[in-house]
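J.:
Protein chains in written order, with the working numbering: chain H, 39 to 120; chain X, 18 to 173.
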C-alpha cells in the first residue's frame with residue numbers, strides 16, 4: 039500500500055484538504071493522500087541524513103518496522119515487499 | 018436347562034421394560050414425548066436464539082453479547098456504520114469516533130498493539146496522524162498489517 043504524503047504546495051505553504059483532494063482527483067489516486075505540514079514527519083525519518091531530496095521515501099514492512107529510508111525512489115525495494 | 022431359564026428371564030425383563038415405557042407414555046394423558054432425545058428444550062431454544070441476528074447487522078446475538086453491542090440495534094454507537102461492518106473493518110462498534118476510512122482502506126486489528134521504537138531503519142516506527150483527501154485523520158499504525166511505501170513529495 040502506498041501513502042502519498044505532500045509536504046508543501048507551490049507557494050511554499052502546507053497543503054489543505056482541497057489541495058489533497060485535487061491532487062487525488064487529477065491523478066485518479068485511490069490511495070491515502072496526506073499532508074505533512076512543515077515536513078515534520080519527513081524530518082523525523084531524515085534525521086541524521088546530510089541531505090534531503092524529494093521524493094523522499096520510506097519502506098515500512100508489516101508490523102510497522104522501518105525497512106529502508108532514502109532520498110529518491112525505492113520502487114525496487116518496495117516492490118519486493120509490497 | 019439353566020440357559021433356557023436365563024433366556025426366559027431376559028425375555029420377561031424385556032417385556033417388563035416395554036410395559037413400563039408404555040405405561041409412562043400413555044398413563045398421564047399422553048403428553049410425554051416418546052422421541053425426546055434427552056436435551057433440555059429451554060437450553061436448545063436459548064442456543065438457537067444466540068445464533069439469530071435480529072437487527073440484521075451481520076452479528077449474531079452471541080457475538081453481540083461478547084462485544085457488548087446492542088443485539089436490537091444495527092448501529093450501536095450511532096456513527097452511521099453498522100456493527101458488523103465495524104468489526105470487519107477492525108473499528109470499535111461502541112466508539113462513534115472510531116470509523117472506517119472513507120477511502121475503504123481497512124484498519125489492521127494489530128493497530129492498538131504496536132510498540133513504537135523510533136524513526137530509524139529497523140525500528141518499529143513511531144506513529145503519526147495526518148489529514149487526508151477526505152478530511153479524515155489517518156494514522157500510520159492503522160496499517161500495521163501490511164507493507165507500506167511512504168512517498169513524501171511537494172506540489173511545485
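We treat Cβ as the ideally placed atom computed from N, Cα and C, and that holds for glycine.
Who are the neighbours of residue 165(X) on chain H, taking C-beta pairs under 7 Å?
T.: 39, 41 and 98
J.: Quick check on residue 62(X): buried or exposed, where buried means 16 or more other Cβ atoms within 10 Å of its Cβ?
T.: exposed
J.: Closer than 7 Å by beta-carbon distance: list the chain X residues that pair up with residue 101(H), in chain order.
T.: 141 and 161
J.: Is there a C-beta anywhere in chain X that falls below 8 Å from the one on residue 64(H)?
T.: no
J.: Using a Cβ-Cβ cut-off of 8 Å, state whether residue 152(X) counts as contacting chain H.
T.: yes
J.: Can you check the segment 51–135 of chain X for any alpha helix (DSSP H) of at least 4 residues that lies completely inside it and give the ranges in chain order?
T.: Complete alpha helix (DSSP H) runs here, min 4: 58–67, 78–84 and 100–105.
J.: One question on the structure: do residue 41(H) and residue 87(H) come within less than 8 Å of each other, judged by their Cβ atoms?
T.: no
J.: For residue 60(H) and residue 148(X), what's the separation of their Cα atoms in angstroms?
T.: 14 Å
J.: What's the gap between the Cα of residue 118(H) and the Cα of residue 75(X)?
T.: 37 Å
J.: Please report the straight-line C-alpha distance between residue 116(H) and residue 59(X), rounded to a whole angstrom.
T.: 58 Å
J.: Quick one, which residues of the segment 118–149 of chain X are near chain H if we go by CB-CB under 7 Å, in chain order?
T.: 120, 122, 131, 136, 137, 138, 139, 140, 141, 142, 145, 147, 148 and 149
J.: Considering only residues of the same chain and omitting the five flanking positions on each side of residue 134(X), which have a CB-CB separation below 6 Å?
T.: 140 and 141
J.: So, with DSSP's three-state summary, where would you put residue 80(H)?
T.: helix
J.: For residue 84(X), which residues in chain H fall below 7 Å Cβ to Cβ?
T.: Residues of chain H passing the Cβ test: none, with the nearest at roughly 26 Å.
J.: Over what stretch of residues does the beta strand (DSSP E) that includes residue 45(H) continue unbroken?
T.: No beta strand (DSSP E) contains residue 45(H), which DSSP labels as neither H nor E.
J.: Find out if the Cβ-Cβ distance for the pair residue 150(X), residue 55(H) is shorter than 8 Å.
T.: yes
J.: Cutting at 8 Å between CB atoms, please list the residues of its own chain near residue 80(H), excluding the five before and the five after it.
T.: 43, 45, 74, 90 and 94
J.: Can you tell me which of the three DSSP states residue 57(H) falls into?
T.: helix
J.: Excluding the 5 residues preceding and the 5 following residue 99(X) in the sequence, name in chain order all residues of the same chain whose CB lies nearer than 6 Å to its CB.
T.: 74, 91 and 92
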